[in-house]
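So the protein lines, in turn, are chains A and B.
Each residue of the first sequence is one higher than the one before, counting from -19 in the working numbering.
Each residue of the second sequence is one higher than the one before, counting from 93 in the working numbering.
Think of the CB as a built atom: it goes at the ideal place given N, C-alpha and C, for glycine as much as any other residue.
To start, the structure itself, in structure tokens.
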Amino acid sequence: NSNQFQLDHFFSSP
Amino acid sequence: KSCSILVTDANFECNEENIMLQAMDNSHIALVSVEIGAPGFTSYRCDRTMPLGVDLTSLTKVLRCAKDENICTLKAADEADVLNLVYDAKSAFFSPFFFAFMWHGRDASSPFPPFFLLCSALLPLFIHLNISLSSQTPITSSWPETKYDTRVTLPSAEFTRIVRDLSQLGEHVRIEVSKEVVRISKLKAKSSAEDEDNDSIPTGVVIEMNQHVSLTFSLKYLVNFSKSGSLSGEVQLLMSNDVPLLVAYDFTQGYIRCYLAPKIGD
């Protein structure tokens, strides 16, 4: 939902 | 079991040191990372590093057939596409379970039956993320100086109780850590002030803090994470203001680490 970060925002995927 | 609540299929990466699993839920809000070290098994042999792609829901069902006193043996032959679970081969009731792999790390050359092609479509979900935090989470006794701003250690049963109780009252929770106090409080609708009925912080809470943090999380995920509570007497909550929360359960054979992205806009 709109006011929730996703992990991709924080983790660097390869 | 606690992983299967978050992710339905995942790769168990087996190598000679350990078995690891790392997977995000479909919404990419939570990630679970599990390691079980070889010493944690009565006997352990892995001749070749290989991923065992398993449907965790089915695996949980099969494992539920085991009794506490059973010894469970997991076997996967080199070119097999099944995971074989045997409980207590000695006992009268010999229960071999053969378990279709979701995904077997064969090289791309070997012909994949359609089922594998379907699964390979799922693979991108399971590509291991380089958790930039992973090096920052020495879940050992040493306090990670420059890693997280705070670490709160509390009895896992208390954490389970707190998040379960709060989840009856609301969907989100603010976790705020200052020098002496951890505030785990339910967020009321914006109109009313923040709830004052904090859970009284139980004994056995250790707060290590380099900097005050305050983040808001979805309780649904915290309740899921707390299902791992039976594995360890205590749980560690590691937080910094601009990174996902890490809920870490250490146990003799390894650990379960759960990452949860915060809500936006505190």
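- Message: List, in chain order, every chain A residue whose beta-carbon is nearer than 8 Å to that of leucine 355 of chain B.
- Response: One detail in the question is off: residue 355 of chain B reads as lysine in this sequence, not leucine. Those within 8 Å of lysine 355 of chain B in chain A are Asn(-17), Gln(-16), Phe(-15).
- Message: Once the 5 residues before and after alanine 285 of chain B are set aside, which same chain residues still bring their CB inside 7 Å of it?
- Response: Bear in mind that a pLDDT of 40 at alanine 285 of chain B, under 50, signals an unreliable position, so the number given afterwards is only what the model happens to contain. Answer for alanine 285 of chain B: no residue qualifies.
- Using 8 Å as the Cβ pair cut-off and three pairs as the minimum, do the region 306 to 318 of chain B and the region 111 to 131 of chain B touch? yes
- Message: Can you check whether the C-beta of valine 265 of chain B is within less than 7 Å of a C-beta belonging to chain A?
- Response: no
- Message: Going by DSSP in three states, threonine 252 of chain B sits in which element: helix, strand or coil?
- Response: helix
- Query: What residues of chain A sit near serine 310 of chain B, judged by a beta carbon separation below 8 Å?
  - Reply: Gln(-16)
- Task: Give the C-beta separation of isoleucine 276 of chain B and isoleucine 267 of chain B to the nearest angstrom, bearing in mind that I take them to be a contact with Cβ-Cβ under 8 Å.
- Result: 5 Å
- Would you identify the three-state DSSP class for phenylalanine 317 of chain B, choosing helix, strand or coil? helix
- Item | Complete beta strand (DSSP E) runs within the region 119 to 195 of chain B (minimum length 3 residues, chain order) | 122 to 129, 142 to 147, 164 to 167, 174 to 179, 187 to 192
- Task: Name, please, each residue of chain A whose Cβ falls closer than 7 Å to the Cβ of valine 335 of chain B.
- Result: Phe(-10)
- Query: Can you name, in chain order, every residue of its own chain whose Cβ lies under 7 Å from the Cβ of methionine 331 of chain B, other than the five neighbours on each side?
  - Reply: Tyr240, Asp241, Thr242, Ile267, Val269, Val305, Leu307, Leu337
- Query: Which chain A residues are close to methionine 116 of chain B, counting only those with a beta carbon under 8 Å from its beta carbon?
  - Reply: Leu(-13)
- Task: Could you check the C-alpha separation between glutamate 250 of chain B and isoleucine 97 of chain B for me, to the nearest Å?
- Result: 20 Å
- Message: I need the straight-line Cα distance from alanine 130 of chain B to serine 320 of chain B, nearest angstrom please.
- Response: 20 Å
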